[in-house]
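Visitor: Sharing a structure with you now.
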Amino acid sequence: MTVGSHLLEVAGGRHKIRVFEAGGGRPLVFLHGAGGLTEDSPFLAALARRWRVFAPLLPGYGDSEGADGLRDMLAVTLHTFDVIDALGLDRPILVGHSLGGMIAAEMAAVAPREVERLGLIAPAGLWLDAHPVPDLFSKLPYELPALLFHDAALGERMMTAGGDLDDPKFLEAFIIRNTRQLAMAGKLLFPIPDRGLDERLYRIRAKTVLIWGDSDRVIPPAYGDAFGRGIPGAELVRIPLAGHMVIVEQPDAVVPALARLE
């Protein structure tokens, strides 16, 4: 499945956003996590085999503009509605992973009549004292694969694309590449990802599917239960042999779970 991309003018032409697009059929908007998204993502290709997928890069990621103007959760929420409007879409299926799931949940809570079908894949946004979310911003690159993936060896291969995290030159390039996008993510996730979302979940009217990897060590499965209690009628799907990056480790299980939204 070929994934294309284009720059989209949003907010009356104030800035441009990179959007990946592929597939056919019913429109689905996918919001990526803090690690960003690439055009060659196998998960995008998997989604595109079933839906017409639009995946905007958050400002601060790739060549998407406008990060300085997004200072809080409300600004990011309204920005994403602007993107959907600029794409000419009317109530597409809305799916988000991790940080993107947090944004999608906020959108569904702020404007419940605008979001009818909602897929949340290990979303951030809540805080449970008994299950603290680790501060990924304080972790060294070599610590991340074991946190993000059920299979740490697979995670290291995926994150480095064959590079060596012990190589100082590769490590320097890795950090530089991630600094800009993590600065944007940090506005919403640091020091903890609690922006009061738990107080708004009851407003969500969308048909909702929650998807969690059984081995998630970033946002533990207990948060799936918490989201399920907060969102009326939400269905929780647990996926074995998958960590926080369930969309990478088990994409062929995530897509059928999302198909429950149809």
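Heads up, the numbering used here is the position in the sequence shown plus 129, with the first residue counted as 1. Glycine included, each C-beta is placed from N, C-alpha and C at the ideal position.
So, with DSSP's three-state summary, where would you put His-135?
Guide: Three-state DSSP puts His-135 in a strand.
Visitor: Mind checking who His-226 pairs with in its DSSP beta bridge?
Guide: His-226 is bridged to Ile-250.
Visitor: Tell me the residue span of the beta strand (DSSP E) that contains Val-182.
Guide: Element bounds for Val-182: 181 to 185.
Visitor: When you compare each of Phe-266, Asp-343, Lys-316, Arg-220 to Phe-159 by their alpha carbons, which one comes out closest?
Guide: Out of Phe-266, Asp-343, Lys-316, Arg-220, Arg-220 has the C-alpha closest to the C-alpha of Phe-159.
Visitor: Output the distance between the C-alpha atoms of Ala-151 and Leu-173, rounded to the nearest integer angstrom.
Guide: Approximately 8 Å between the Cα atoms of the pair.
Visitor: Where DSSP assigns a beta bridge to His-144, which residues make up the other side?
Guide: Paired residue(s): Val-139.
Visitor: Report yes or no: do three or more beta-carbon pairs, one from the region 258 to 270 and one from the region 201 to 213, lie closer than 8 Å?
Guide: Because the criterion of three Cβ pairs below 8 Å is not met, the region 258 to 270 and the region 201 to 213 do not touch.
Visitor: Given a cut-off of 8 Å on the beta-carbon distance, is the pair Ile-222 and Arg-155 in contact?
Guide: Taking 8 Å as the Cβ cut-off, Ile-222 and Arg-155 qualify as a contacting pair.
Visitor: Could you check whether Gly-342 and His-373 sit closer than 8 Å to each other, using their CB atoms as the reference points?
Guide: For His-373 and Gly-342, yes; Cβs fall inside 8 Å.
Visitor: Who are Trp-75's beta bridge partners in DSSP?
Guide: Any question about residue 75 goes unanswered here, given that the chain covers just 130 to 391.
Visitor: If the criterion is Cβ atoms closer than 8 Å, does the pair Glu-194 and Lys-145 meet it?
Guide: In contact: Glu-194 and Lys-145 (Cβ atoms closer than 8 Å).
Visitor: Are Gly-359 and Leu-330 closer than 8 Å when you measure CB to CB?
Guide: Result yes, Cβ atoms of Gly-359 and Leu-330 sit closer than 8 Å.
Visitor: Please state if the CB of Leu-273 and the CB of Val-338 are separated by a distance shorter than 8 Å.
Guide: Contact flag unset, no.
Visitor: So Pro-361 is in the beta strand (DSSP E); what residue range does that whole segment cover?
Guide: It is not in any beta strand (DSSP E) - Pro-361 carries neither H nor E in the DSSP assignment.
Visitor: In whole angstroms, give me the CA-to-CA distance for Leu-283 and His-226.
Guide: Approximately 19 Å between the Cα atoms of the pair.
Visitor: So the candidates are Lys-336, Ala-363, Asp-192, Pro-320; which of them puts its Cα closest to the Cα of Gly-254?
Guide: Measuring from the Cα of Gly-254, the nearest candidate turns out to be Pro-320.
Visitor: On the criterion of 16 or more Cβ atoms from any shown chain inside 10 Å, does Phe-149 qualify as buried, or is it exposed?
Guide: Classification for Phe-149: buried.
Visitor: So, using beta-carbon positions, are Ala-163 and Leu-370 closer together than 8 Å?
Guide: The answer is no: Cβ separation not under 8 Å.
Visitor: Under 8 Å by Cβ, that's how I've got Ala-175 and Asp-381 pegged, so tell me the actual separation to the nearest angstrom.
Guide: About 7 Å separates the two Cβ atoms, so the contact holds.
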